Amino acid sequence: MGLETMPVSKLHAESSYDPADFPVPTGREEEWRFTPLSRLKGLHDGTAAPVGNVVVEVDAAPEVTVETVDRDDARIGAAYVPSDRVSAQAYASFEKATVITVPREVVASRPTVVNVRGLGEGAGHGATYGHIVVRVEPMAQAVLVLDHTGGAVYADNVEFAIGEGATLKVVSLQDWADGAVHVSHHHAQLGKDATFRSFVVTLGGDLVRLSPSVSYTAPGGDADLTGLYFVDAGQHLEHRLWVDHGVPNCRSNVTYKGALQGDGAHAVWIGDVIIRAEAEGTDTYELNRNLLLTDGARADSVPNLEILTGEVAGAGHASASGRLDDEHIFYLQARGIPYDEARRLVVHGYFAQLLEKIEVEEIRERVLSAVEAELAR
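Heads up: take any position in the sequence shown, counting from 1, add 38, and you land on the numbering used here.
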């Protein structure tokens, strides 16, 4: 018998810097079927007129350098190639990029905060495009906060290039105004023995579609992707994870939890993980949970795990969506706790383990307060 050829994965197979290389989505494609295209305000088909109503301001740790650079800077696009039309449109359309560098062997003394602020009152009639590059040089350590507020139609790409033995911890907070639209790709490229910790919190906006992804260039990379989202009536919050294990002996862990309430609240979570034939010794797991607090809310959760080698340390996934546990509520009410307070305590317990992972106390308190406000509605 002859040797059989290992099948080639079709997960995220296309990539290009040119939006013309991607067909205009119709909504029938697997990668777009959950997204309400009519609410993207032209981001997906190129009809959104460019406007400059988003401001990016960086409050950097003293050891960290920040530059505003032109499109031809060699560091732009070095760690990430767009994988869909909106990402490619954002890459082709931004005017200036922000480059943040943590020098070799430096341990940043405090978090670096990137404020991405929309100046519009809502979605507006045009779009703004952005690009951020974060470079953590070998053996360096840093914490980064991406804070999105205000109103805009915004598409951007964020590249995290993490050098050998370096550590980067990122908190990305999507706290947009009610009418905002945000489509974003966050890509982390990990060098040898690099560590990446991502915590995504999505609360505001009319439509948010965030796509965090990870790739590895050498063994020993360790990525932990955590997310928390709270979806209100009429909101569409979508998270599409992509972890590409292409080298041996790397690790990834994905944990996303969401709560939904109100008519038309819609959460989408897609978790794609591939372990390629050469990635022996991979250890990976992904988990998604959705808590439906009211009727009329909908959660779509699709984990995908593709394994092209038999030599793995561990691989698995889990997904579940359900309502509040009546037994938990009854237990608390039987001890004299009113229903609304019992509901609040159960949701707090549901999110508690995730909230502990937010190392920036100010952000942790802000997220906790936001969840309280959501529950009070």
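Beta carbons: idealized from backbone N, C-alpha and C, even for Gly.
All values reported here derive from a predicted model rather than from experimental measurement.
When DSSP labels each residue in this structure, what does residue i get in the three-state scheme?
{"i": "leucine 182", "result": "strand"}
{"i": "glutamate 399", "result": "helix"}
{"i": "valine 124", "result": "helix"}
{"i": "proline 63", "result": "coil"}
{"i": "glutamate 197", "result": "strand"}
{"i": "threonine 43", "result": "In this predicted model, threonine 43 has a pLDDT of only 36, less than 50, meaning its place in the structure is not dependable enough to derive any value."}
{"i": "leucine 392", "result": "helix"}
{"i": "phenylalanine 234", "result": "strand"}
{"i": "glutamine 273", "result": "coil"}
{"i": "aspartate 310", "result": "strand"}
{"i": "arginine 381", "result": "helix"}
{"i": "serine 131", "result": "helix"}
{"i": "leucine 413", "result": "helix"}
{"i": "valine 405", "result": "helix"}
{"i": "isoleucine 114", "result": "coil"}
{"i": "serine 339", "result": "strand"}
{"i": "glycine 387", "result": "helix"}
{"i": "serine 76", "result": "helix"}
{"i": "proline 57", "result": "helix"}
Going by C-alpha to C-alpha distance, which of the options sits closest to residue i?
{"i": "threonine 430", "options": "Glu105, Leu228, Ser76, Tyr294", "result": "Not covered by the structure: residue 430. The range shown for the chain is 39 to 415."}
{"i": "histidine 366", "options": "Gly387, Ala226, Phe198, Leu298", "result": "Gly387"}
{"i": "proline 74", "options": "Val221, Arg327, Val94, Gly189", "result": "Val221"}
{"i": "alanine 178", "options": "Ser290, Asp194, Lys207, Arg314", "result": "Lys207"}
{"i": "threonine 264", "options": "Thr240, Val246, Glu69", "result": "Thr240"}
{"i": "glycine 201", "options": "Val409, Gly90, Pro257", "result": "Pro257"}
{"i": "arginine 382", "options": "Ile396, Ser407, Trp214", "result": "Ser407"}
{"i": "glutamate 133", "options": "Asp110, Pro149, Val119", "result": "Asp110"}
{"i": "phenylalanine 389", "options": "Leu279, Leu298, Lys79, Asp59", "result": "Leu298"}
{"i": "threonine 347", "options": "Asp364, Gly319, Arg235", "result": "Gly319"}
{"i": "alanine 128", "options": "Gly115, Arg148, Thr139", "result": "Gly115"}
{"i": "leucine 81", "options": "Val94, Ala215, Ala193", "result": "Ala193"}
{"i": "leucine 211", "options": "Ser359, Glu52, Glu403", "result": "Glu403"}
{"i": "alanine 99", "options": "Tyr377, Ser359, Ala180, Asn326", "result": "Ala180"}
{"i": "valine 140", "options": "Thr293, Val171, Val398", "result": "Val171"}
{"i": "glycine 229", "options": "Val285, Lys395, Tyr377, Ala112", "result": "Val285"}
Just grab the DSSP bridge partners of residue i for me.
{"i": "lysine 295", "result": "Leu266, Arg327"}
{"i": "threonine 347", "result": "Bridge partners of threonine 347: none, in fact."}
{"i": "serine 290", "result": "Ala261, Thr322"}
{"i": "threonine 332", "result": "None; threonine 332 has no bridge partner."}
{"i": "arginine 212", "result": "The sequence shown places glutamine at residue 212, rather than the arginine named in the question. In the DSSP output, where bridge partners are listed per residue, glutamine 212 has His186, Thr240."}
{"i": "lysine 205", "result": "First, the amino acid is wrong: residue 205 is threonine here, not lysine. Threonine 205 is bridged to Gln179, Thr233."}
{"i": "leucine 81", "result": "Looking at the DSSP assignment, leucine 81 forms no beta bridge with any residue, so it has no partner."}
{"i": "arginine 361", "result": "Leu330"}
{"i": "glutamine 227", "result": "Ala199, Ser253"}
Could you check how far apart the C-beta atoms of residue i and residue j are, in whole angstroms? I think they sit under 8 Å.
{"i": "valine 92", "j": "alanine 218", "result": "Actually they are not in contact, since the Cβ atoms of valine 92 and alanine 218 sit about 10 Å apart, beyond 8 Å."}
{"i": "valine 385", "j": "leucine 329", "result": "7 Å"}
{"i": "valine 269", "j": "glycine 243", "result": "Their Cβ separation, rounded to whole angstroms, is 10 Å, which puts valine 269 and glycine 243 out of contact at 8 Å."}
{"i": "serine 249", "j": "histidine 223", "result": "5 Å"}
{"i": "alanine 165", "j": "alanine 86", "result": "4 Å"}
{"i": "asparagine 291", "j": "tyrosine 323", "result": "5 Å"}
3-residue-minimum beta strand (DSSP E) runs that sit fully inside the region 133-158, ordered along the chain: 135-140, 150-157
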